[in-house]
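Colleague:
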Amino acid sequence: MPVITFSRNVFLPLTTVCANACGYCSFKSCVADGCVMPKEEVISTLERGAAFSCTEALFTFGERPEREAGFTAYINRMGYPDILSYCKDMSRYAISLGILPHTNAGILTYEELEDLRPVNASMGLMLETTAAIPAHAHSPGKDPAVRIEMMENAGRLKIPFTTGLLLGIGETREDRIESLEVIRDLHKRYGHIQEVIVQNFCPKPGTEMASCPGASTEVIADTIRLAKEILPSDVSIQIPPNLADASLLLDLGVTDLGGVSPVTIDYINPEHLWPALDALKETSRGYELRERLCIYEKYCDPAWVAPELFGLVSELAKKVY
1 MPVITFSRNV FLPLTTVCAN ACGYCSFKSC VADGCVMPKE EVISTLERGA AFSCTEALFT
61 FGERPEREAG FTAYINRMGY PDILSYCKDM SRYAISLGIL PHTNAGILTY EELEDLRPVN
121 ASMGLMLETT AAIPAHAHSP GKDPAVRIEM MENAGRLKIP FTTGLLLGIG ETREDRIESL
181 EVIRDLHKRY GHIQEVIVQN FCPKPGTEMA SCPGASTEVI ADTIRLAKEI LPSDVSIQIP
241 PNLADASLLL DLGVTDLGGV SPVTIDYINP EHLWPALDAL KETSRGYELR ERLCIYEKYC
301 DPAWVAPELF GLVSELAKKV Y
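Numbering (UniProt numbering) for the sequence shown: 1 to 321.
(1) Should the region 77-88 be called in touch with the region 286-299, which here means at least 3 C-beta pairs below 8 Å?
(2) Between which two residues does the beta strand (DSSP E) containing PHE59 stretch?
(3) Using the Cβ count rule (16 or more neighbours within 10 Å means buried), how would you classify THR217?
(4) DSSP three-state call for VAL198: helix, strand or coil?
(5) In chain order, what residues of the same chain have a beta carbon less than 8 Å from the beta carbon of SER211, not counting five sequence neighbours either side?
(6) Is it true that the CB of LYS228 sits closer than 7 Å to the CB of GLY258?
(7) Out of VAL3, THR55, PRO13, point me to the one whose CA is closest to VAL320's CA.
(8) Kindly identify the DSSP beta-bridge partner or partners of ASP256.
(9) Leaving out the 5 sequence neighbours to the left and right, which residues in its chain are closer than 6 Å to MET1 when beta-carbon positions are compared?
(10) Tell me the DSSP secondary structure of SER139 in three-state form.
(11) Can you tell me whether THR217 is helix, strand or coil according to DSSP?
(12) Comparing the CB of ARG8 with every heavy atom of the ligand ADP, is any distance shorter than 6 Å?
(13) Which runs of the alpha helix (DSSP H), 4 residues or longer, sit entirely within the region 98-146?
(14) With 16 as the cutoff for other CB atoms within 10 Å, does VAL235 come out buried or exposed?
(15) Mark ASP143 as exposed unless 16 or more other C-beta atoms lie within 10 angstroms of its C-beta, in which case mark it buried.
(16) Are ALA19 and ARG64 touching if we call contact CB-CB under 7 Å?
(17) If you count every other CB in all the chains shown that lies within 10 Å of the CB of ARG8, and 16 or more means buried, which is it?
(18) What does a CB cutoff of less than 6 Å around GLU178 pick up in its chain, not counting 5 residues either side in sequence?
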């Protein structure tokens, strides 16, 4: 029986302040009271995650929030010089509970990636598209060259990495092919791309692209087929089961259903609830649904895991793999 995997995670958006202004995003917020997730809330959420046997702490936040006027005062008030320091501290707390951190923070420098590596089992950045599109006109961090450079730096640092495409944001089929080929070539060079997410954009009220239809099931299906054809066989193809009808797509080459949380919502797409585990089993009928870590089995090796994390990774790997 073919296998479909998923990760049991807890989702922690440390801040929604962001230097980018994408035409389809409703995640971004202004600098104001409550724009940083309080430490007490992060800790209590992690503890609930541990109680529900979550193995992944997904830390996300807006890119370069310090570039937004007034944000630094809020993070300083919490006792941290910047958001990355806060993320590192909360990552250490997750590790103390037996949960592996996975950070998706937007664009990071080589030095920042290196600094976060000892407290992250894996990291991620959506490529989204290699195309220059109007939706990214006010988002310097969405420059494809900048994103590719960060993915390359992650490879140099041997960080197990997640990336993906965002469909229906103004790209063409040829753009999707090019994006997949870029990811393929990075993986051939460094071997660090563990999974590629094929994610459909969901229109949000109040955004510039609220009236755009998003990607059809046919486009999603075609992109999955392209991914299976273009990507190396050791790269997992993931679809988010709360955003698309996975039961229509699994047979096309999907091997993973991503992170699913029994504790938190999908803060990027809050209107789309995570399926319960029983529903996930129903969706994947005909497949063996198997839990995984945020770091795939082949990367649970000292070459890919920082010494500070290797003990916990090994302990969890024995239970899961």
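Backbone N, C-alpha and C define an ideal beta-carbon position, used for all residues, glycine too.
Modeller: So, from the listed chains and residues:
(1) Contact between the region 77-88 and the region 286-299 is absent: fewer than three C-beta pairs spanning the two stretches fall below 8 Å.
(2) Residue 59 sits at position 59 when you count from the first residue of the sequence shown. Start and end: 56-61.
(3) As a working mapping, residue 217 is identified with position 217 in the sequence shown. Exposed, because fewer than 16 other Cβ atoms sit within 10 Å of the Cβ of THR217.
(4) Residue numbering aside, residue 198 sits at position 198 when the sequence shown is read from its first letter. VAL198 carries a strand assignment under DSSP once its states are collapsed to helix, strand and coil.
(5) For this step, residue 211 is matched to residue 211 along the sequence shown. Cβ within range, chain order: PRO203.
(6) The residue given as residue 258 occupies position 258 in the sequence shown. The residue given as residue 228 occupies position 228 in the sequence shown. No, the pair does not count as a contact, with Cβ atoms beyond the cut-off.
(7) As a working mapping, residue 320 is identified with position 320 in the sequence shown. Nearest option by C-alpha distance: THR55.
(8) Translated into the one-based positions of the sequence shown, residue 256 becomes position 256. THR5, GLN238.
(9) For this step, residue 1 is matched to residue 1 along the sequence shown. So the qualifying residues of the chain are GLU288.
(10) Here the question's residue 139 lines up with position 139 in the sequence shown. If DSSP states are grouped into helix, strand and coil, SER139 belongs with coil.
(11) For the purposes of this step, residue 217 is taken as the residue at position 217 of the sequence shown. Here THR217 sits in helix by DSSP.
(12) Among the components of this structure there are no ligands whatsoever, and the ligand ADP is therefore not found.
(13) The region 98-146 contains these whole alpha helix (DSSP H) runs: 110-116.
(14) In the sequence shown, the residue the question calls residue 235 occupies position 235. The residue is buried, with at least 16 neighbouring Cβ atoms inside 10 Å.
(15) Numbered from 1 along the sequence shown, position 143 holds the residue referred to as residue 143. Taking a 10 Å sphere around the C-beta of ASP143, we find fewer than 16 other C-beta atoms and assign the residue as exposed.
(16) In the sequence shown, the residue the question calls residue 19 occupies position 19. In the sequence shown, the residue the question calls residue 64 occupies position 64. In contact: ALA19 and ARG64 (Cβ atoms closer than 7 Å).
(17) As a first step, residue 8 must be located in the sequence shown, where it is residue number 8. With 16 or more Cβ atoms within 10 Å of its Cβ, ARG8 is classed as buried.
(18) Here residue 178 refers to the residue found at position 178 of the sequence shown. The residues are THR130.
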